[in-house]
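Number of protein chains: 2
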Amino acid sequence: MNLNDDVERPKSIDLSHHLSDLAIARGVSPLKSMFKYLGRPGLIALAGGVPNPDYFPFATLEATTLPIDAYKATPDLETEPSALSWLWNLFSGPNKQRTNKISVPKYVSDPINEVNLATALQYGMATGIPSLQAFLKEYSARFYKPGFSDFTVLVHTGNTDGWSRVVYSLLNHGDSMLVEEWTYPSALASAFPLGVHTVSVPMDSKGMRPDALREILSNWNETERGFKRPRLLYTVPIGQNPSGLTTGSERKKAIYAICVEFDIIIGEDDPYFILQEGEYLPPNIRAQKQAASTSNTSDPVEAFIDTLEPSYLRYDYQGRVIRMDTFSKTIAPGSRMGWFTCNPLFAERFERHGETSTQAPSGFAQSMITQLVVKTWGMEGYIRWLQGIKAQYTLRRDAFIDAMMHELDITLTQGTGILEGATVYQGSIKESGWSVMTEKKKKPRVSFVPPTSGMFVWLRVDFEGLPPPIAVPGEGENDTTHEGRFWTALAEGGLLIGPGYMFRGERDHSPEDPNLAGHYRISFSDATHEGMQKASKIFAKILKEYCSK
Amino acid sequence: MNLNDDVERPKSIDLSHHLSDLAIARGVSPLKSMFKYLGRPGLIALAGGVPNPDYFPFATLEATTLPIDAYKATPDLETEPSALSWLWNLFSGPNKQRTNKISVPKYVSDPINEVNLATALQYGMATGIPSLQAFLKEYSARFYKPGFSDFTVLVHTGNTDGWSRVVYSLLNHGDSMLVEEWTYPSALASAFPLGVHTVSVPMDSKGMRPDALREILSNWNETERGFKRPRLLYTVPIGQNPSGLTTGSERKKAIYAICVEFDIIIGEDDPYFILQEGEYLPPNIRAQKQAASTSNTSDPVEAFIDTLEPSYLRYDYQGRVIRMDTFSKTIAPGSRMGWFTCNPLFAERFERHGETSTQAPSGFAQSMITQLVVKTWGMEGYIRWLQGIKAQYTLRRDAFIDAMMHELDITLTQGTGILEGATVYQGSIKESGWSVMTEKKKKPRVSFVPPTSGMFVWLRVDFEGLPPPIAVPGEGENDTTHEGRFWTALAEGGLLIGPGYMFRGERDHSPEDPNLAGHYRISFSDATHEGMQKASKIFAKILKEYCSK
């Protein structure tokens, strides 16, 4: 692998003026004065309060693991060419017979290069197991091809921890940050207690709008706003949470250029990067296309990487992107493990932050993931595993949208306004469900853009023409809108999804009047096929009831 | 087990006025509005962005584990009654033949009660696996017998994370906290960047001095100090880091009473609680005593608990103690897992903090530790394991002090002044080491109180009569003192230990002039017997050279 690609890339520029008071006040590592002695042969080190590894009650850690090709690399029909065979492929699960064994002993002959519990379960550096760190650096280099040369990787305990370190390292009390107008609430929950204001940037079908971003920044009036112009942008660029939208390369370049112009740091929270499922095709078209397809085998690795939308890092020639990756969607959320890719100055401050909070990710997680991914699968094997995961979520996405299409009368229209360029699926209640059809009832009540990445379908429900809800004393603010009431009606009907108000970029401001239109995040990542069908039925039934009132 | 003991205990009082602005500003859990639906039968929950567990590549996690009695429960001679047989007991390691197997499958028939990867490796509540939480609550009840009834336990990712949550939840920028005059530097590294001032409380051989604490608090002059009276006390009460001192029950009661009087919250960081090794006895006395001992078997569980110094929780009738426990010393540091025991109000705020930073401890660690400790060993078994760990560190403590006694001329004296009541070991350079004995050379240069708990021997080296060191341009502040230079001389000689200046409770203030006396923390927790002997030899040799200058 050539980390330098074929171009000479610049080093990151000095962005130290973005560090928060807290980040600046963090000391150097207290171990610094000891470092120069630590490697010396024959040194007796009695400086640390470390237990003897003999006393770890785990003599080995072992696991039964799935093979890299447990899931097919592409969501095609292959061996069972019936129109529904892909459902079997999805819901029959992996071949349970074909498993492998991995084992991590406590002691090994080469503890630097072999994973071992005496090291992994001991106190360690906040940088984690060195071979894992090297692997992650290679991964970031190959998948993201950062535009600056001195990018650094650092493990964290998942993107929630990662983002929390970014917030505390870059923002002071009363600072502000830019977010997508619908955004991930946990990311805000890290920042709000610090008194951070959010400034939401309108989106269209391609994600955050550069024109809107520029307008916000160039017309910033500190007196009017009551706080300084933002210096940090939080974004989930691929399979966005909650909207499911994906920001492509042209859009990323445009946003990056604005961030350079206004000196903005980009926090790229990208857990769904691998789940780039591609365009949704209705069942009949999909079946035709799959029957014609000849690619039954996995793509060559580089070809696979080339099919993926790039990271912001690709265009980052200054080192102003802090990318956060996680193993939550590719291995398991309980790993509590992920990594930063960013400039070395920020990485060092994040490391100091880690030393006084989480330290390193758990040695149980580090040792098992390193042994499986780094030592057993290797990079090519892991990429094959990722292809299988991507294909599985593609099948799930298709199955869920198919189910919605089955329960609603869906019409495909070309989006207008902010949905310009997108194919919008508009759904109305099926005719059979009505005794007498009226214009009001035939009105398309539901619309969505099928996601090309991630885990979420973002539904918009049109409440136009319905009488405004009457507030009941004691109700919470969000329960008194159509958005909130329809959510409650769904929940009472047996379907729990995410209500739009949870995802507002600015807490007290909804991008659309929640009495005229409600927004809902539905996750297709973990339902059975039966559950998807049942969910769609409940949705259609409650929608009909709600709009008949 | 009767959590209520035999007395009716009060509930915790309202201590919400101690919460920091940050803690107050944290929202309620964003999931709150969903809770009432989550348990409903038949509910289709598509609200969370959770991966399907089929896609976790780990089908089972397994481990080879040591039996609960891998180590003898008491550090006695038992089967091999030679004076040195205990060394074999220590350094031959556990019986490698006797191991057990544990296994955690992905799917189980009763996922609420059986540990399973589909749950443990999924996103989960910041409270962790429920059966682990129940176990920890029982553990805290049995070992600490809290004086208030509504104590709550909450997992964290180790005491560094735990303490960090305490600091951010209780202190605002510019606040202050009380610490022991020598203290754990990482605890300060969490607080200093927040602009927190430390106020160090003098110690004697029984730990922090109540008279000194009272004097500080009752004579507090905010104008003179420049900051408000502290509201938080940080303490490592057992096997204190770095001094090795243990604060017993009378002392704890006295300090607790002062904390009630002045409305102080106690942060009890107690990783060495189980390592209560008891009094050190020189080899000849120890051999006699052990030969006479008949207790070859483990103590009954309650008897074992009764031998341990109590936690501050025992006397806490108001809920003002925040106790932090860790698995680092009893299972392994790489667990990155521990727990709070504290009042429910603080626990809830710590949980919210956890939700936006570490979330829950890694599911790999949680599942393996729960399967081993909770499900396989059970409480009685785990306590037997802990007895073995305690016995092992007792042997290590003895071996290290024996080695020091072998290399130095040690005299036992009754401590005076702040060491009143303690037996002090004073060491001078062995006569054979000197060609001509002079008074200066015979002077006892080294003194220490053998620890009754923990992992550390805290050495004081007397530099009196030596010419003051001459500063060399470019040297760091701490390198220019005798304390720093002797540390460097030791490190250059091949022995790395902890220099006193690292452990100052107030960064710029040493409790003793480092040109007159140096302090050093030596850890006996992870050295081979040969390493201990070599370390003692290096120490004696460098001491002789340094004092001959």
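As you go down the protein sequences, you meet chains A and B in turn.
Quick note: the first sequence uses my numbering, first residue 589, plus one each step.
Quick note: the second sequence uses my numbering, first residue 589, plus one each step.
Every residue, glycine too, gets a C-beta built ideally from N, C-alpha and C.
Just so it is clear, the structure is predicted and the values come from calculations on it, not from any experiment.
Query                                                                                                                                       : Result
Proximity of A/THR648 and A/ILE690 at Cβ, strictly below 7 angstroms                                                                        : no
Per-residue burial, B/SER670 [other beta carbons within 10 Å of its own, 16 or more giving buried]                                          : Low confidence applies to B/SER670: its pLDDT is 45, below 50, so where it sits in the model is not reliable, and the reading given next is rough at best. Exposed, because fewer than 16 other Cβ atoms sit within 10 Å of the Cβ of B/SER670.
Residue range of the beta strand (DSSP E) that includes A/PHE731                                                                            : Premise fails: A/PHE731 lies in the alpha helix (DSSP H), 718-732, not in any beta strand (DSSP E).
When A/PRO639, A/GLN721, A/GLY735 and A/ALA1079 are compared against A/ARG1198, the one with the closest alpha-carbon                       : Absent from the structure is residue 1198 of chain A, since the part of chain A shown begins at 589 and ends at 1137.
Given B/ASP858 as reference, the closest of B/ASN872, B/PRO870, B/PRO825 and B/ALA842 once Cα atoms are compared                            : B/PRO825
Closest by C-alpha distance to B/GLY866, when choosing among B/SER945, B/LEU983 and B/TYR659                                                : B/LEU983
7 angstroms Cβ cutoff, A/LEU634 in contact with chain B                                                                                     : yes
Completely contained alpha helix (DSSP H) runs for the segment 1024-1067 of chain A, where each covers 4 or more residues                   : 1027-1030
Below-7 angstroms beta-carbon distance, B/ASP986 vs any chain A residue                                                                     : no
Spatial distance of B/ALA722 from A/SER955 (CA atoms)                                                                                       : 27 angstroms
Interface partners of A/THR648 on chain B, CB under 7 angstroms                                                                             : ALA651 and THR652
Rounded C-alpha distance that separates B/ALA842 from B/PRO798                                                                              : 6 angstroms
Status (buried if at least 16 other CB within 10 Å, exposed otherwise) for A/HIS744                                                         : buried
Expected contact under 8 angstroms - CB spacing of B/ILE804 and B/VAL787 to nearest Å                                                       : 6 angstroms
Closer than 7 angstroms to chain B by CB, A/ASP851                                                                                          : no
Sequence-distant residues of the same chain with beta carbon closer than 8 angstroms to A/THR687, five excluded per side                    : THR652, THR653, LEU654 and PRO655
Three-state class that DSSP yields for A/ILE826 in the structure shown                                                                      : coil
Beta-carbon gap between B/GLY989 and B/TYR1108 smaller than 7 angstroms                                                                     : Note on identity: in this sequence residue 989 of chain B is Ile, with Gly being the wrong assignment. No, they are not a contact pair.
Residues near B/GLU943 in its chain [Cβ-Cβ closer than 6 angstroms; skip 5 each side]                                                       : ALA714
Length of the line joining the Cα atoms of B/ILE601 and B/PHE850                                                                            : 15 angstroms
Cutoff 7 angstroms: B/VAL638 Cβ touching any chain A Cβ                                                                                     : yes
Any chain A beta carbon closer than 7 angstroms to B/ALA953                                                                                 : yes
Three-state secondary structure (DSSP) of A/GLU968                                                                                          : helix
Coarse secondary structure for A/ALA1115, derived from DSSP in three states                                                                 : coil
C-alpha gap between A/LYS733 and A/TYR900, whole angstroms                                                                                  : 10 angstroms
Contacts around B/GLU596, its chain only, beta-carbon distance under 7 angstroms, and the 5 residues preceding and following it disregarded : none
Simplified DSSP assignment, three categories, for B/THR1001                                                                                 : strand
Nearest-angstrom Cα separation, counted from B/GLY1015 out to A/SER945                                                                      : 39 angstroms
Own chain partners of B/THR835 with C-beta closer than 8 angstroms, once the 5 adjacent residues on each side are dropped                   : LYS794, GLY795, MET796, THR823, PRO825, ILE826, GLN828, ILE843 and GLU897
Buried/exposed call for A/MET589, threshold 16 Cβ in 10 Å                                                                                   : For A/MET589, the predicted model reports a pLDDT of 43, less than 50, meaning its position is unreliable and no value from the coordinates is stated.
Rounded separation between A/ASN884 and A/GLY832 - CA only                                                                                  : Because A/ASN884 sits at a pLDDT of 48, beneath the cut-off of 50, its placement in the model cannot be relied upon, and the point is left open.
Member of A/ARG813, A/GLY814, A/GLU856 and A/LYS840 whose CA lies at the smallest distance from the CA of A/LEU820                          : A/GLU856
B/LYS694 - containing beta strand (DSSP E), residue span                                                                                    : No beta strand (DSSP E) holds B/LYS694; DSSP gives it neither H nor E.
Among A/PRO781, A/VAL755, A/LYS624 and A/PRO790, the one whose alpha carbon lies nearest that of A/THR771                                   : A/PRO790
Chain A contact residues for B/LYS1122, given Cβ-Cβ distances below 7 angstroms                                                             : ILE632
Neighbour flag for B/TYR1013 against chain A, beta carbons, 7 angstroms                                                                     : no
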